[in-house]
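Novice:
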Amino acid sequence: MTRNELLGIYRKLYASHGPQHWWPGDGPFEVMLGAVLTQNTAWSNVERAIDNLKAAGLMDLQALLQTAETQLAQHIRPAGYFNVKARRVLSLCRFLTAHANLAELNDHELRERLLAVHGIGPETADDILLYAFERPVFVIDAYTRRLFSRLGLVEPDAGYETLRRAFEQALGPDVPLYNEYHALIVRHAKEACRTKPICDACCLKILCDYSNLCFMQ
DNA sequence: TACCAGGAGAAAA
DNA sequence: TTTTCTCATGGT
């Protein structure tokens, strides 16, 4: 997987969908909450949960820390897994309160600290690193894995860290590019094909555009 | 009705 | 160590 291959696909996605202006949230704290709430969940459901939090005056670190877990769970109910996510949100809040100097940590140190928080795995940590802390970390999600494996550029069962390093080594550190690229992959997956996420036809379209060989005709 | 969604942690094998 | 199970609402 080369830089030119990745940039070629990026340009096709950008030409097709335009700038995405991610993350769809206001400020780093809302980005971090959204990253937890969207785990295995459609963003439309997360928006309902975020609206509930704002209406209750809970889009605030200290306010959340003073809220009972069971009460928080009811506010974020539309996001699904609400009991699990309430515990994870409060774990994140306690972590943020206990570490006031996070912005001073280097990328690796900050990533390790985030991964040590209950409920924050690789993808959620990288969402937070890229979209809240603006660190050059490429986010790998199910869409990324599915799209690029169908394009034949990565192994479908490759590990998360293997894929992340492959993208980062090929592209080089570039926060604006990582930001837009991940957002475009999600946009493409959600909207390019309405029958099922990233169907073969969509992948073939990208592949055909990319290689100038049309297999669809 | 059944399946899926911008995962992660715990339990089981 | 690897695989499987659990968590749950809302849209299609």
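According to my numbering, the first sequence is numbered sequentially starting from 8.
Every residue gets a Cβ at the ideal spot worked out from N, C-alpha and C, and that includes glycine.
Given the structure is predicted, the values throughout are model-derived calculations rather than measurements.
Can you check whether the CB of MET39 is closer than 8 angstroms to the CB of ILE135?
Specialist: In this structure, MET39 lies closer than 8 angstroms to ILE135 by Cβ.
Novice: Per the contact definition of three or more C-beta pairs closer than 8 angstroms, is the stretch 24-41 in contact with the stretch 181-194?
Specialist: Contact between the stretch 181-194 and the stretch 24-41 is present, because at least three Cβ pairs lie under 8 angstroms.
Novice: Going straight from the alpha carbon of ALA22 to that of SER156, what length do you get?
Specialist: If I take the Cα positions, the gap works out to 22 angstroms.
Novice: Since GLY137 contacts TYR185 with CB under 8 angstroms, what's their CB separation in whole angstroms?
Specialist: Reading off the sequence, residue 137 comes out as Leu, not Gly. Correct: roughly 6 angstroms between the Cβ atoms.
Novice: Would you list, in sequence order, the uninterrupted alpha helix (DSSP H) runs of no fewer than 4 residues that lie entirely inside the stretch 23-70?
Specialist: Counting whole runs of 4 or more residues, the stretch 23-70 contains the alpha helix (DSSP H) stretches 34-44, 50-62.
Novice: Taking contact to mean at least 3 C-beta pairs separated by less than 8 angstroms, is the stretch 82-99 in contact with the stretch 46-59?
Specialist: Contact holds: three or more Cβ-Cβ distances are below 8 angstroms.
Novice: Grouping DSSP H, G and I as helix and E and B as strand, with all else coil, what is GLY15?
Specialist: GLY15: helix per DSSP, three-state reduction.
Novice: Which residue from VAL161, PRO143, ASN113, ALA42 puts its Cα closest to that of VAL96?
Specialist: For the residues VAL161, PRO143, ASN113, ALA42, the minimum Cα distance to VAL96 belongs to ALA42.
Novice: With DSSP as the reference, label GLU111 as helix, strand or coil.
Specialist: Helix at GLU111.
Novice: Between ASP216 and LYS19, what straight-line distance do the alpha-carbon atoms span, to the nearest angstrom?
Specialist: For ASP216 and LYS19, the distance between alpha carbons rounds to 7 angstroms.
Novice: In whole angstroms, what is the alpha-carbon distance linking CYS209 and TYR150?
Specialist: C-alpha separation (whole angstroms): 12 angstroms.
Novice: Quick check on DSSP: helix, strand or coil for LEU158?
Specialist: Coil at LEU158, not helix or strand.
Novice: Rounded to whole angstroms, what is the Cα-Cα separation between HIS106 and CYS206?
Specialist: Using only the alpha carbons, I get a separation of about 43 angstroms.
Novice: Where does VAL124 sit, in a helix, a strand or coil, going by DSSP?
Specialist: Coil at VAL124, not helix or strand.
Novice: Cβ of LEU79 within 8 angstroms of Cβ of ALA93?
Specialist: The answer is yes: Cβ separation under 8 angstroms.
Novice: Give the C-beta separation of PRO177 and ARG10 to the nearest angstrom, bearing in mind that I take them to be a contact with Cβ-Cβ under 8 angstroms.
Specialist: Residue identity differs from the one stated: residue 177 is Ala in this sequence, not Pro. Right, their Cβ atoms sit about 5 angstroms apart.
Novice: Measuring straight from C-alpha to C-alpha, what distance separates THR37 and LEU160?
Specialist: Reading off the sequence, residue 37 comes out as Glu, not Thr. Near 34 angstroms, if we compare the C-alpha coordinates of LEU160 and GLU37.
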